[in-house]
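Protein chains in written order, with our numbering: chain A, 3 to 208; chain B, 3 to 208. Using N, Cα and C, we set each Cβ at its ideal position, and we do this for glycine too. What follows is a set of notes on a single structure, which appears directly below.
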DNA sequence: GCACGTGTTTGAACGATGTTCAATAAAAAA
DNA sequence: TTTTTTATTGAACATCGTTCAAACACGTGC
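Right, here's the structure in full:
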């Protein structure tokens, strides 16, 4: 069989195994030797496919970010909202979806924000862009919600709302979240998003 | 007389050196051997004073949290606000102080939220409480700002505001922050805090 | 001064880690 | 079949946190 095909096949197996490990035991449990054993290849083979473990982790995180983005976008119950109220509902649904994903995929989600590159190597551009994409999802309902605001201002505001939601989810997920506290977090998100939108609407769209 | 004193003296030197290393090169640069060399003691001596490096890191982070708390509390320009407006100013000042601290002590601040205990050891209670204290600072201005709200509700709301602010600072500090983007972040904080308070005041204090 | 006991200090040794690369095996070409 | 090229391997290397038997220091009794 073709060499490239086997390469891709092994790459996929490595990614799946790494993803499983991260999901099950967290990012810190990812070990080169254990991975090689699980996939039944030599350690060196990992380095034929990825330059180092950082690259492998980045690939895993990219997959996580992709899934997360998909979940957040599909959380917009009315893709083309007619009223501002529907747009607002989309926004809160997105925030809730973000929280749900973090709860249901705790370790993988944490890996995305916990991982630091060794030394001072720079993040590849495609990965930075993948992260940026997350912000853009918030921008869509905002456009309907605050149509009079300049696009640039709306973009940074989207970032702000995302950051605020992220903060609540981030600190919330640190503690072990019982089912009850999850509801509480969900309420907090509603408060944040609601207050943000209401607070922003009531002031002049300068 | 001597033995305990020398212990404490060395403990202090270790903490200072570790703090310096973290501040300068980040948490990941903290190494037992390098620390021993810098403090001019043997590696084993570190383990006579701290059970492991996790404990040392926790001590460093505790110091950071303490400084941060001090800075945030002292950011309240009018400790006993007469008007809600003054209380609001205190709140935004606190948020700005939080951001400033993160900017001026980037590595140390990041260390607090980046560090994970090895295996699945539990955080000591005194450390958890130290973290909880951060939330309480926000509660003080809130009391003046939303006096009709039940204390319990106000507490969780304080947590929410803190989380939102933390999110903005956290994601903002990830990217290298130029002087200009710092101002932008500061504006974002004003928006968050302002929207939260205004959004919360305009709804029934149920 | 000497021997003994007690607590302290030491740094080589241990096990694990990510990463490399000479040696080997496999495949392709001649 | 022989030669050349490519792919695979896993022992070896450097470095990490951590341990602990041995060396050391110092007070006490003789």
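By the Cβ test, the segment 178-186 of chain A is not in contact with the segment 172-183 of chain B, since fewer than three Cβ pairs between them sit closer than 8 Å.
For residue 198 of chain A, the neighbours in chain B by C-beta distance under 9 Å run, in chain order, 166, 193, 194, 197, 198, 201. With a threshold of 16 other beta carbon atoms within 10 Å, residue 35 of chain B falls short and is exposed.
At a cut-off of 8 Å, the C-beta of residue 87 of chain B has no neighbouring C-beta in chain A. Residue burial is scored here from C-beta neighbours: residue 96 of chain B has at least 16 other C-beta atoms within 10 angstroms and is therefore classed as buried. Residue-level contact by beta carbon holds for residue 173 of chain A and chain B, with a gap shorter than 8 Å.
Sequence-distant partners of residue 94 of chain A (beyond 5 residues in either direction) whose C-beta falls short of 8 Å from its own C-beta, in its chain, are 191, 192, 195, 196. If you draw a straight line from the Cα of residue 71 of chain B to the Cα of residue 112 of chain A, it is about 25 Å long. Our two residues, residue 200 of chain A and residue 13 of chain B, have alpha carbons roughly 52 Å apart in a direct line. Assigned with DSSP and collapsed to three states, residue 126 of chain B falls in coil, not helix or strand. Contact between the segment 151-171 of chain A and the segment 74-89 of chain A is absent: fewer than 3 CB-CB pairs across the two stretches fall below 8 Å.
If you ignore the 5 residues before and after residue 198 of chain A, its C-beta comes within less than 7 Å of the C-beta of 163, 166, all in its own chain and listed in chain order. In chain order, 24, 25, 66 place their CB closer than 6 Å to the CB of residue 110 of chain A, counting only its own chain and leaving out the 5 sequence neighbours on each side. Taking 8 Å as the threshold, the shortest C-beta distance from residue 80 of chain B to chain A does not fall below it. A direct Cα-Cα distance of roughly 42 Å separates residue 15 of chain A from residue 161 of chain B. Taking a C-beta cut-off of 8 Å against chain B, the contacting residues of the segment 180-191 of chain A are 186, 190, listed in chain order.
Annotation for residue 174 of chain B: the continuous alpha helix (DSSP H) segment containing it runs 153-176.
With a threshold of 8 Å between beta carbons, residue 127 of chain A makes no contact with chain B.
Below the 8 Å Cβ cutoff, chain B contributes no neighbours of residue 62 of chain A, its closest Cβ being approximately 17 Å away. Residue 52 of chain B sits in coil when the DSSP states are folded into three classes, being neither helix nor strand. For residue 77 of chain A, the three-state secondary structure derived from DSSP is coil. Sixteen is the threshold: since fewer than 16 other Cβ atoms of the shown chains lie within 10 Å of the Cβ of residue 45 of chain A, the residue is exposed. Legend: CB atoms of the segment 142-161 of chain B lying less than 9 Å from CB atoms of chain A belong to residues 158, 159, 161.
In the structure shown, the three-state DSSP call for residue 88 of chain B is helix. Here residue 68 of chain B carries a helix assignment [DSSP, helix/strand/coil]. Using a CB distance cut-off of 8 Å, residue 46 of chain B does not count as an interface residue toward chain A.
In the assembly as shown, residue 63 of chain B is a buried residue. Its beta-carbon has 16 or more other beta-carbons within 10 Å. Using beta-carbon distances, residue 71 of chain A does not count as an interface residue toward chain B, since no partner is under 8 Å. The C-alpha of residue 47 of chain B is placed about 12 Å away from the C-alpha of residue 8 of chain B.
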